[in-house]
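S.K.: I'd like to ask some things about the structure below.
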Amino acid sequence: MPDDANTARTKMMRDDTSPVGGETPNMTAPLPADVLSHLKAVLGPDGWSQEPARLEPKLVEWRGRWRGETPLLVLPRSTAEVATVVGICHEAGVAITPQGGNTGLVGGQVPHGEILLSTEKLRTVRDIAPMDDVLVVEAGVTLLEAQQAAASVDRLFPLSLAAEGTATVGGNISTNAGGTAVLRYGVMRDLVLGLEAVLPDGRLFDGLKRLRKDNTGYDLKQLLIGAEGTLGVITAASLKLFPVMRSRATAVVGLESPHCAVELLMRAKAETGGGVDAFELMGRQGVANVLKHIPGARDPLPQPYPWIVLIELASGEPGAAEAGMERLLGAALEDGLILDAALAQNAQQAKDFWRVREDQSAGQKPEGAAWKHDVSVPVSKIAAFIEEATAAVERFHPGVRVVAFGHVGDGNVHYDVLQPIGADGPAFGALRDEGSRIVHDIVARYEGSISAEHGLGRMKSAEALTYKSPVQVAMMRAVRDALDPKRIMNPGVLF
Ligand SMILES: Cc1cc2nc3c(=O)[nH]c(=O)nc-3n(C[C@H](O)[C@H](O)[C@H](O)COP(=O)(O)OP(=O)(O)OC[C@H]3O[C@@H](n4cnc5c(N)ncnc54)[C@H](O)[C@@H]3O)c2cc1C
Numbered sequence: 016m017p018d019d020a021n022t023a024r025t026k027m028m029r030d031d032t033s034p035v036g037g038e039t040p041n042m043t044a045p046l047p048a049d050v051l052s053h054l055k056a057v058l059g060p061d062g063w064s065q066e067p068a069r070l071e072p073k074l075v076e077w078r079g080r081w082r083g084e085t086p087l088l089v090l091p092r093s094t095a096e097v098a099t100v101v102g103i104c105h106e107a108g109v110a111i112t113p114q115g116g117n118t119g120l121v122g123g124q125v126p127h128g129e130i131l132l133s134t135e136k137l138r139t140v141r142d143i144a145p146m147d148d149v150l151v152v153e154a155g156v157t158l159l160e161a162q163q164a165a166a167s168v169d170r171l172f173p174l175s176l177a178a179e180g181t182a183t184v185g186g187n188i189s190t191n192a193g194g195t196a197v198l199r200y201g202v203m204r205d206l207v208l209g210l211e212a213v214l215p216d217g218r219l220f221d222g223l224k225r226l227r228k229d230n231t232g233y234d235l236k237q238l239l240i241g242a243e244g245t246l247g248v249i250t251a252a253s254l255k256l257f258p259v260m261r262s263r264a265t266a267v268v269g270l271e272s273p274h275c276a277v278e279l280l281m282r283a284k285a286e287t288g289g290g291v292d293a294f295e296l297m298g299r300q301g302v303a304n305v306l307k308h309i310p311g312a313r314d315p316l317p318q319p320y321p322w323i324v325l326i327e328l329a330s331g332e333p334g335a336a337e338a339g340m341e342r343l344l345g346a347a348l349e350d351g352l353i354l355d356a357a358l359a360q361n362a363q364q365a366k367d368f369w370r371v372r373e374d375q376s377a378g379q380k381p382e383g384a385a386w387k388h389d390v391s392v393p394v395s396k397i398a399a400f401i402e403e404a405t406a407a408v409e410r411f412h413p414g415v416r417v418v419a420f421g422h423v424g425d426g427n428v429h430y431d432v433l434q435p436i437g438a439d440g441p442a443f444g445a446l447r448d449e450g451s452r453i454v455h456d457i458v459a460r461y462e463g464s465i466s467a468e469h470g471l472g473r474m475k476s477a478e479a480l481t482y483k484s485p486v487q488v489a490m491m492r493a494v495r496d497a498l499d500p501k502r503i504m505n506p507g508v509l510f
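As structure tokens, this is what we get:
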């Protein structure tokens, strides 16, 4: 048995936001030497690596919060090669962690002793079919490349998130990604028509249909969507395309409170007949962080309003989005619902507005330790949730600074609690479990979710057991046991 296999074990970098639930044991045996040599032989010299420099970027999560280990990186070039690899591992009871772009935020893509199966060589755009409004791509195609493929035939693939240049379609599907266009187009689950995947025993799930209607029993592809690599390796997907919008208007609005933001959202949806593409909220603390730490960032409004909303309207009719935005904001100003507004005059200005939103996390990092939460509640309860959670965390730890931002149109708030100015970061980080329990208990009372869009991964799986009912947990385990009785697929993730 090679040394690297023997020593492969879980290692996690602890920091201010170290995951709940502690280390997840690797539940499978180390990689036997004969399996290692078999995998190398079937993949050939270009199909695997053990070179530390090649492995390094795949073993460290992008923020450096998770560091993993693997005895072997496998780089299959086709669905058939994925099936061969998974079949060999299934036989031997050797665990696998699938990885796409390694942009996941809950550590599910970082191996902790498992074989690391990267989809980086599954990069083919298999078909672009404008008449069907369908795009068929392999799992390792990046989200940006999928958007570009759609644009090449004058169509839109609407999923959009800040990591889209690196995140892959396979990763987006496995995490059921959300992003900034969910309000209009839904989450990834809503955008997938068909899937091809290799099941944990190496069999091919050939569900790569492109039908909008297929009412023939269980919708099996939906099991794999959001499964975070626990039910197989997704190798390709057929995705829904949409018409390209002919007008788009982007504005930022200053408001007194999240209550006003939700009221404005209701009006925007009603007045535009569903024409709202994005509706993103940012609190003053988050905007101040961006202005302080991100070079070139500018306050989009002349006054430091307590809350800012970024709204994007889009329409198939030229000029309609701009006209709709002016009507909406003019009336809201007149009624005193909003304090101020600025409409982007060109694409660069729209980009600058988005930058303040997209840099919320980057701007926060230099301010010290934070307890981070990706939660959702019904839209109607967002304002009450922010108020109640803020009062509770301020009681628990006076001086904390709340950075609340996110996709308010979807009821999704990234609710981060920053250490008090000058506080000891590690000591504050050590209180994360207690602090997060306060936030998540309030989320639960509002019938919300402790993971709105990032998934559970290694970070939140243990904690999620507290908030799922025993029946839900039993159903999830039954599905997993049926498809992966040996638990070789991402064993440290989910239940
Ligand atoms: C700056 C930034 C902004 C972000 N913004 C958003 C956002 O707005 N909304 C949002 O939802 N997410 C967001 N994310 C999180 C992340 O981009 C998404 O979770 C994305 O979908 C992950 O894609 P990936 O290819 O990087 O997957 P990875 O990180 O490689 O993997 C994620 C999970 O999917 C599994 N997996 C990956 N590929 C496959 C496959 N082919 N088959 C089976 N399992 C697989 C992995 O095992 C892991 O559990 C953001 C991340 C960053 C860094």
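The working numbering puts the first residue of the sequence shown at 16, with every later residue one more than the last.
For every residue, glycine included, the Cβ atom is placed at its ideal position computed from N, Cα and C.
Only a predicted model underlies this, so the values are computations on that prediction, with no experimental measurement involved.
What are the start and end residues of each continuous beta strand (DSSP E) run of 3 or more residues lying completely inside the segment 82-158, in chain order?
M.R.: Listed in chain order, they are 111-114, 130-133, 140-144, 149-153.
S.K.: Grouping DSSP H, G and I as helix and E and B as strand, with all else coil, what is Leu358?
M.R.: Working through the sequence shown from its first residue, we reach residue 358 at position 343. In the structure shown, Leu358 sits in a strand (DSSP, three-state: E or B).
S.K.: Give the single residue among Gly383, Val156, Ser466 whose Cα lies nearest to the Cα of Leu137.
M.R.: Walking along the sequence shown from the start, residue 137 turns up at place 122. That would be Val156, whose Cα lies nearest to the Cα of Leu137.
S.K.: Mind listing, in chain order, the residues whose beta carbon lies closer than 5 angstroms to a non-hydrogen atom of ligand 1?
M.R.: Those residues are Pro113, Gln114, Gly115, Gly116, Asn117, Thr118, Gly119, Leu120, Gly123, Gln124, Thr134, Ala154, Leu176, Ala177, Ala178, Ala182, Thr183, Gly185, Gly186, Asn187, Ser189, Thr190, Ala192, Gly193, Gly194, Glu243, Gly244, Val248, Ile249, Glu468, given in chain order.
S.K.: Please look up how many angstroms separate the CB atoms of Glu327 and Asp292, rounded, as I've assumed it's under 8 angstroms.
M.R.: Within the sequence shown, numbered from 1, the residue matching residue 327 stands at position 312. Within the sequence shown, numbered from 1, the residue matching residue 292 stands at position 277. Right, their Cβ atoms sit about 4 angstroms apart.
S.K.: Helix, strand or coil: how does DSSP classify Tyr233 here?
M.R.: The residue you call residue 233 lines up with position 218 of the sequence shown. Reduced to three states, the DSSP call for Tyr233 is coil.
S.K.: Okay, do the segment 415-425 and the segment 354-368 touch, 3+ Cβ pairs below 8 angstroms being the bar?
M.R.: Verdict: no, contact absent.
S.K.: Confirm, please, whether the CB-CB distance from Glu96 to Thr112 is below 9 angstroms.
M.R.: Here the question's residue 112 lines up with position 97 in the sequence shown. Here the question's residue 96 lines up with position 81 in the sequence shown. Cβ distance not < 9 angstroms, so Thr112 and Glu96 don't count as in contact.
S.K.: Please list the terminal residues of the continuous beta strand (DSSP E) segment that includes Ala266.
M.R.: Indexing the sequence shown from 1 puts residue 266 at position 251. Per DSSP, Ala266 belongs to the beta strand (DSSP E) from 262-270.
S.K.: I'd like the ranges of any beta strand (DSSP E) spanning at least 3 consecutive residues and lying wholly in the segment 323-368.
M.R.: Listed in chain order, the complete beta strand (DSSP E) runs (minimum 3 residues) inside the segment 323-368 are 355-358.
S.K.: Short check: CB of Gly247 to CB of Phe220, under 9 angstroms?
M.R.: The sequence position of residue 247 within the sequence shown is 232, counting from 1. The sequence position of residue 220 within the sequence shown is 205, counting from 1. A contact, by the Cβ cut-off of 9 angstroms.
S.K.: Which runs of the beta strand (DSSP E) fall wholly inside the segment 397-485 and span at least 3 residues, in chain order?
M.R.: Correct list: 416-421, 427-433.
S.K.: Taking the alpha-carbon of Leu132 as reference, which of Gly450, Arg227, Gly185 has the nearest alpha-carbon?
M.R.: Position 117 of the sequence shown, counted from the first residue, corresponds to residue 132. Selected option, being the one with the closest Cα: Gly185.
S.K.: Suppose contacts are defined by Cβ-Cβ distances below 9 angstroms. Is Val101 in contact with Leu58 by that definition?
M.R.: For this step, residue 101 is matched to residue 86 along the sequence shown. For this step, residue 58 is matched to residue 43 along the sequence shown. In this structure, Leu58 does not lie closer than 9 angstroms to Val101 by Cβ.
S.K.: Classify Val486: buried if its beta carbon has 16 or more other beta carbons within 10 angstroms, exposed otherwise.
M.R.: Within the sequence shown, residue 486 is the residue found at index 471, counting from 1. Flag for Val486 reads exposed.
S.K.: Would you report the Cα separation of Gly337 and Gly290, rounded to the nearest angstrom?
M.R.: Along the sequence shown, one-based indexing puts residue 337 at 322. Along the sequence shown, one-based indexing puts residue 290 at 275. Reading off the sequence shown, one finds Glu at residue 337, where the question assumed Gly. Approximately 11 angstroms between the Cα atoms of the pair.
S.K.: In whole angstroms, give me the CA-to-CA distance for His159 and Ser189.
M.R.: Taking the first residue of the sequence shown as position 1, residue 159 is located at position 144. Taking the first residue of the sequence shown as position 1, residue 189 is located at position 174. The sequence shown places Leu at residue 159, not His. The alpha-carbon atoms of Leu159 and Ser189 are separated by roughly 17 angstroms.
S.K.: Considering only DSSP beta bridges, list what Leu210 is partnered with.
M.R.: Counting from 1 along the sequence shown, the entry for residue 210 is found at position 195. Note: Leu210 sits in a beta bridge opposite Gly222, Ala252.
S.K.: Just tell me which of Leu74, Arg78, Ala48 has its CA closest to the CA of Gln379.
M.R.: In the sequence shown, residue 379 corresponds to position 364, counting from 1. That would be Arg78, whose Cα lies nearest to the Cα of Gln379.
S.K.: If distances are taken between C-alpha atoms only, which option among Val75, Ala365, Gly108 comes closest to Gln114?
M.R.: Sequence index remark: in the sequence shown, residue 114 carries index 99 (1-based). Of Val75, Ala365, Gly108, the residue nearest in Cα terms is Val75.
S.K.: Which residues does DSSP list as the beta-bridge partners of Arg170?
M.R.: Counted from its first residue, the sequence shown places residue 170 at position 155. Answer is Pro258.
S.K.: Work out the CA separation of Tyr200 and Ala144 for me, nearest whole Å.
M.R.: Here residue 144 refers to the residue found at position 129 when the sequence shown is read from its first residue. Here residue 200 refers to the residue found at position 185 when the sequence shown is read from its first residue. Straight-line Cα distance between these residues: approximately 19 angstroms.
S.K.: DSSP on Leu239, reduced to helix/strand/coil?
M.R.: Looking up residue 239 in the sequence shown gives position 224. Helix.
S.K.: Could you compute how far the alpha carbon of Gly331 sits from the alpha carbon of Asp49?
M.R.: Within the sequence shown, the letter at position 316 stands for residue 331. Within the sequence shown, the letter at position 34 stands for residue 49. Distance between the alpha carbons of Gly331 and Asp49: 59 angstroms.
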